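Down below is the structure, laid out as structure tokens.
In my numbering, the protein residues as written are 123 to 494.
Spelled out as structure tokens, the structure:
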């Protein structure tokens with residue numbers, strides 16, 4: 123059997139994926155995730171029962187965004203399809219009918235009935251074997267806890283930094299869309315504001331995934347702390363975006379009272395963002411992280427190569443005219459006449475504050491341009 127540290131042999135096999143025929147290549151998955159190969163004797167082997175199979179224990183890896191689990195036996199794709207349907211399996215089932223992959227990995231059994239030994243191989247992002255185990259008996263099962271430990275131990279500092287840098291770019295896109303959304307919010311263009319907030323939320327979701335992956339693959343504790351800071355900042359901005367989006371939606375539907383409540387909640391999220399500061403610069407890792415981040419640096423436009431939102435505390439977009447203004451049409455077009463019975467709450471942000479916010483954003487953009 124292959125030894126730890128050896129390069130995993132490449133292969134491409136017919137398979138059943140999601141109930142459909144497909145072809146699966148090891149090379150296609152390399153570099154994108156950690157690969158777990160689960161060799162097993164055969165479909166419907168003696169370890170299977172009416173309620174479970176010998177592959178059920180590998181479902182834990184399907185929940186991992188950084189894992190690819192491939193189950194391999196000498197059965198045909200027709201057998202695999204029946205096996206998957208009978209036991210509601212969602213793992214890709216690869217058909218090594220000639221036994222070439224089993225032989226390459228040293229897990230062939232020589233038994234014509236069960237030609238593949240039960241075995242587990244963990245492959246890192248560079249294609250190296252980091253864990254291997256093989257059974258001596260057809261009914262022997264792997265120690266899944268040991269497999270999980272081997273999986274968790276895989277790291278890749280270079281990939282982690284790449285993921286972090288890409289996450290910072292997505293974060294900046296989300297921040298820019300948030301600022302545009304706040305401009306539309308200021309002008310009571312609730313539909314446009316909602317569109318910008320949705321774009322911001324989408325970018326920030328991708329950013330958060332990238333920050334999580336960078337944290338997952340980091341091999342240095344100090345650098346990991348920088349990655350974790352980036353994730354916390356992106357999550358905080360994401361909360362603010364969601365709340366301002368909901369507030370804009372409430373105003374668009376004529377529910378100014380709910381819009382005001384959501385706006386207040388959004389301001390709390392923005393305050394958290396202020397306290398966190400910007401994500402550490404990907405070109406300056408590991409960053410020196412104090413318990414208290416530089417206040418007010420969570421919402422500004424970053425200089426080239428940087429990620430962050432560096433604004434003064436007073437300029438953080440924590441506002442929006444929350445007065446319930448006239449009809450739904452009036453709200454959308456910006457008509458400022460109040461409908462009968464509608465009043466502004468005492469702590470609403472007024473137009474002067476909103477104008478100051480817009481001016482602050484323009485000043486920030488001009489300042490950023492001078493650094494380029």
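Backbone N, C-alpha and C define an ideal beta-carbon position, used for all residues, glycine too. Keep in mind that this is a model prediction, so the values were computed, not measured.
Measuring C-alpha to C-alpha distances from residue 273 to each of 180, 169, 378 identifies 180 as the nearest. Less than 9 Å divides the Cβ of residue 249 from the Cβ of residue 129.
Pairing residue 354 with residue 326, the inter-Cα distance amounts to about 11 Å. Counted as a single uninterrupted DSSP element, the beta strand (DSSP E) harbouring residue 216 occupies residues 215-217. Sixteen is the threshold: since fewer than 16 other Cβ atoms of the shown chains lie within 10 Å of the Cβ of residue 313, the residue is exposed. Just so you know, the alpha carbons of residue 349 and residue 280 end up roughly 13 Å apart. A Cβ-Cβ separation of about 6 Å places residue 223 in contact with residue 135 under the 8 Å criterion. The alpha helix (DSSP H) runs of length 4 or more contained entirely in the region 319-407 are, from start to end of the chain, 343-374, 378-398. Per DSSP, reduced to three states, the secondary structure at residue 260 is coil, with no helix or strand assignment. Three or more pairs of CB atoms, one per stretch, sit closer than 8 Å, so the region 215-229 contacts the region 189-202.
For the set 288, 209, 165, 187, the Cα lying nearest the Cα of residue 260 is the one of 165. About 7 Å separates the beta carbons of residue 257 and residue 241, which is inside the 8 Å limit, making them a contact pair. Buried is the label assigned to residue 304, since at least 16 other Cβ atoms lie within 10 Å of its Cβ.
Comparing C-alpha distances from residue 328 to each of 287, 392, 239 shows the shortest one belongs to 287.
Around the Cβ of residue 190, a 10 Å sphere holds 16 or more other Cβ atoms; the residue is buried. Rounded to whole angstroms, residue 162 and residue 289 show a C-alpha spacing of 38 Å. According to the DSSP assignment, residue 177 belongs to no alpha helix (DSSP H), since it is labelled neither H nor E.
Counting only runs of at least 4 residues, the region 225-281 fully encloses the following alpha helix (DSSP H) elements, listed from N- to C-terminal order: 266-275.
DSSP links residue 146 through a beta bridge to 135.
The residues 344, 345, 348, in chain order, have a CB closer than 6 Å to that of residue 408 in the same chain once the five nearest residues on each side in sequence are set aside. In the structure shown, residue 166 falls within a coil segment according to DSSP collapsed to helix, strand and coil. A buried status is given to residue 285, since no fewer than 16 other beta-carbon atoms sit within 10 Å of its beta-carbon. DSSP places residue 206 outside any beta strand (DSSP E); the residue lies instead in the alpha helix (DSSP H), whose first and last residues are 199-209.
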